[in-house]
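When the letters of the sequence shown are read in order and numbered with this note's numbering, they come out as residues 161 to 471.
One structure is given here, and the rest of the page talks about it.
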Amino acid sequence: MLTTPLLRLSERLAQLTTSATVALNGKMSQMKAHGIDVISFGQGEPDFPTPAPIKAAAVQAIEANKTRYTPAGGIAELREAVAQRLLADSGISYTAAQISITSGVKEGLFLAFLAVCDAGDEVIVPAPYWVSYIEQVRLAGATPVVIDTDEATRFKVTPAMLAQHLTPRTRVLVLSSPSNPTGAVYTAEELHALAEVLRQPQFAGVLIFTDEIYDQICYIPYARWLRVAPDFAERTLVFNGWSKTYAMTGWRLGYVAGAKPILTAIRDIQGTRPRTPIQWRSMRLLPPTPPRPRLRRRLPQWCRRSTPAAT
Ligand SMILES: Cc1ncc(COP(=O)(O)O)c(C=O)c1O
Numbered sequence: 161m162l163t164t165p166l167l168r169l170s171e172r173l174a175q176l177t178t179s180a181t182v183a184l185n186g187k188m189s190q191m192k193a194h195g196i197d198v199i200s201f202g203q204g205e206p207d208f209p210t211p212a213p214i215k216a217a218a219v220q221a222i223e224a225n226k227t228r229y230t231p232a233g234g235i236a237e238l239r240e241a242v243a244q245r246l247l248a249d250s251g252i253s254y255t256a257a258q259i260s261i262t263s264g265v266k267e268g269l270f271l272a273f274l275a276v277c278d279a280g281d282e283v284i285v286p287a288p289y290w291v292s293y294i295e296q297v298r299l300a301g302a303t304p305v306v307i308d309t310d311e312a313t314r315f316k317v318t319p320a321m322l323a324q325h326l327t328p329r330t331r332v333l334v335l336s337s338p339s340n341p342t343g344a345v346y347t348a349e350e351l352h353a354l355a356e357v358l359r360q361p362q363f364a365g366v367l368i369f370t371d372e373i374y375d376q377i378c379y380i381p382y383a384r385w386l387r388v389a390p391d392f393a394e395r396t397l398v399f400n401g402w403s404k405t406y407a408m409t410g411w412r413l414g415y416v417a418g419a420k421p422i423l424t425a426i427r428d429i430q431g432t433r434p435r436t437p438i439q440w441r442s443m444r445l446l447p448p449t450p451p452r453p454r455l456r457r458r459l460p461q462w463c464r465r466s467t468p469a470a471t
C-alpha cells in the first residue's frame, strides 16, 4: 500500500485552490437541485448545440483519415486561416510561426504564462475576472495583482487605476473584452487611454494578453485592442478560439498569436498537438470575414435574452 509521503503533491499545487470553475459549477448544481433560480457566471457555455455542418465536417475529416499527429502549433492550413482572420480583424500580419493552435484559449493562456513569467513577476488581472486567470498565473509562479472594478467605472479599468497597479515587476496585463462575467466591453477611447499609460518607457516590458474569446458575442461595435493600438503588436498576445462563437466548448480548440520568440517557447512547452480532425474542420470556419451569417442571425436572440452589465 502507498504511504502518504509518496502521494505528496508538488509545492506548486499547494498554491492552487480547487478549480473555481468546478467549485462554482458544483455550487450551481446544488442550488438548482434546491429549486433556486440561478444564473452561472462561471463557465461561458452557449445554449445551442454545435451546428450540424461543423459536426459533419469533423466526421468527414476522420473518415478521410486526418487523424495523425500534426506539427506542433497545429496544421499549416489552419494557422494560415487564423493569420487571414487576424489580418482582417486587427490589420496586423502574422506568419505561421507567430501562431499556435491550442486546446482552447484556456491552454493557450496557461502556456503563455509559463512562457513569459518568472517567480516575482506580477500579472495584472482586472476583477471581476474569469476564474482561471488567477490560478494559471499562480501555477506559472507569478503573482496575480487584482484591480477591483465596480459599477462606478462600468466594471472597466481606468488609466488611473492601471497606473496605480503597475510596478517595475509587472510582466503582463490581462485584457478581457467582452468580459466574462460582467459583459463589460472597452470602447476604442478607453483602450487608447490604457495604451497611453503603457507607452511610458518604464512600462516597456509589460506584455498585454488580450482574451478575445467573446468578440463575436458583442452587442455594440467591437473595439479590438490591436486595431486601437497597433504599435503594441510585438508586446501583445492575442487569444481566441471556436468555443463560444460556434458552441464548440467541448471540442477544445483555440489559438494564440504574437511575437515569434514567445510563440516558439509556447510550442516548445506545448509538445502535444490539439485534435487533428477538429483542426481540419475549424479551418473552414475562419477566413476571412467574421462572423458567419448563421451566427450573425443568432446575435439578436442573444441580445434580447441577455442584459450585459456594462457596455
Ligand atoms: C474569458 C474567457 N476566456 C477563455 C475561456 C476558455 O475558452 P476555451 O474554451 O477556448 O478554453 C473562457 C471560458 O469560459 C472565458 O470565459
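No residue lacks a Cβ here, since even glycine has one placed at the ideal position from N, Cα and C.
| Check | Outcome |
| --- | --- |
| Under 8 Å between C-beta atoms of Leu246 and Val398 | yes |
| Whole-angstrom distance between Val242 and Ala256, CA atom to CA atom | 9 Å |
| When Leu184, Glu171, Ala217 and Gly414 are compared against Trp290, the one with the closest alpha-carbon | Leu184 |
| Length of the line joining the Cα atoms of Asp428 and Gly280 | 23 Å |
| Simplified DSSP state of Pro338, which is helix, strand or coil | coil |
| Bridge partners - Thr370, DSSP secondary structure assignment | Leu335 and Val398 |
| CA nearest to the CA of Arg395, picked from Ala355, Pro381 and Tyr382 | Ala355 |
| CA-to-CA distance, Pro319 to Thr467, given in whole angstroms | Confidence in Thr467 is poor, its pLDDT being 41 and thus under 50, which makes the residue's placement unreliable; the coordinate value appears in the next sentence. When rounded, the distance between both Cα atoms is 26 Å. |
| Contact under 8 Å by Cβ, Ile252 with Arg239 | no |
| CB contact below 8 Å: Thr327 versus chain C | Of the protein chains in the structure, only one exists, and it is not chain C. |
| Helix, strand or coil at Ser260 [DSSP, three-state] | strand |
| Cβ pair Val265, Val332 closer than 8 Å | no |
| C-alpha distance - Phe201 paired with Trp411, whole-angstrom precision | 21 Å |
| Asp278 (DSSP reduced to helix, strand or coil) | coil |
| Counted within 10 angstroms of its Cβ, other Cβ atoms place Glu237 as buried (16 or more) or exposed | exposed |
| Alpha-carbon spacing of Pro421 relative to Ala312, whole angstroms | 39 Å |
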